[in-house]
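These notes are about the structure you will find just below.
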DNA sequence: ATGTCAATACAATATTGA
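Below you can see the structure in the form of structure tokens.
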């Protein structure tokens, strides 16, 4: 079963891209990020016309996450991370899909470094770590999918230029350590596990011809619990969609799990 | 700093957040 993570950068602006992706790839589940729409503006009828159902958590203007599944909606487990009742950002949704627990994650960007935004990013990652530990205790196949807004290493297979990103929140040692603290609980970074070598960029900036010169980096990740990692058959990036008309700046990223 | 983009407030452009 193909499970996809796709940061759309606006579901209304990207609706043709999303519908054609569903038609062409027929994924078993799609985790969406950056809906940039309120709950009542979510285009559920268009998604139903494509044969899919959804659970979603929108927000005016920015953020917003969803999980799409064919025919029937996933069983919602939670919207939002525990640990901060004052957090108003729509960045986390978790649902059961068959015997899987799947989360769609839109981790804070955190730029610029040294501001409240960066502190929020690190605090949010610590809340995610605490929740991920609770999920592991269930001993189920768990898939944490999304835009993690962290480039895991300075390896050219993860980032086109470590130097260009050195001062960015996505590449800070603190951001990477916070990601490692989650992985090291016992999760598998599915894409790198499947392909230890080779560029696996998932994002190319709109500016400065980044796509044309392949100046990308890897920030969309799948973290798998042991029970899910046992079923990992393949993983990849549907890079071609980044080159289409009115594309998102992210490419759909996916795993294939055995049923 | 940016060869960019989407949404919003507001009513043609500026701001925010990527």
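Residue numbers (the working numbering): 1 to 259.
Cβ atoms here follow ideal geometry from the backbone N, Cα and C, with glycine treated the same way.
Since the structure is predicted, the reported quantities are computational estimates derived from the model, not experimental observations.
Is it the case that the CB of residue i approaches a heavy atom of the ligand MG more closely than 7 Å?
{"i": "residue 22", "result": "This structure simply doesn't include the ligand MG, nor any ligand for that matter."}
Quick one: using the 10 Å Cβ neighbour count with 16 as the cut-off for buried, is residue i buried or exposed?
{"i": "residue 264", "result": "The requested residue 264 is not part of the displayed model; the chain covers only 1 to 259."}
{"i": "residue 180", "result": "exposed"}
{"i": "residue 224", "result": "buried"}
{"i": "residue 206", "result": "exposed"}
{"i": "residue 234", "result": "exposed"}
{"i": "residue 164", "result": "exposed"}
{"i": "residue 228", "result": "buried"}
{"i": "residue 184", "result": "exposed"}
{"i": "residue 71", "result": "exposed"}
{"i": "residue 60", "result": "exposed"}
{"i": "residue 69", "result": "buried"}
Please name the residue, chosen from the options, that lies closest to residue i on a Cα-to-Cα basis.
{"i": "residue 79", "options": "18, 185, 53, 102", "result": "102"}
{"i": "residue 88", "options": "63, 247, 100", "result": "63"}
{"i": "residue 47", "options": "61, 119, 59, 32", "result": "32"}
{"i": "residue 204", "options": "141, 7, 68", "result": "7"}
{"i": "residue 232", "options": "82, 259, 241, 149", "result": "259"}
For residue i and residue j, I'd like the C-alpha separation in whole angstroms.
{"i": "residue 221", "j": "residue 186", "result": "15 Å"}
{"i": "residue 4", "j": "residue 76", "result": "18 Å"}
{"i": "residue 23", "j": "residue 49", "result": "11 Å"}
{"i": "residue 106", "j": "residue 193", "result": "22 Å"}
{"i": "residue 257", "j": "residue 97", "result": "13 Å"}
{"i": "residue 142", "j": "residue 182", "result": "13 Å"}
{"i": "residue 14", "j": "residue 116", "result": "30 Å"}
May I ask you to verify whether the region 243-258 touches the region 166-180, counting CB pairs closer than 8 Å and requiring at least 3? Touching, no.
Please give me, in chain order, every unbroken run of the alpha helix (DSSP H) with length at least 4 that falls completely inside the region 179-206. Runs found: 190-194.
What are the uninterrupted segments assigned as alpha helix (DSSP H) that are 4 or more residues long and contained completely in the region 7-69, given in chain order? The qualifying runs are 15-25, 44-49.
Which runs of the alpha helix (DSSP H) fall wholly inside the region 206-250 and span at least 4 residues, in chain order? Correct list: 226-229.
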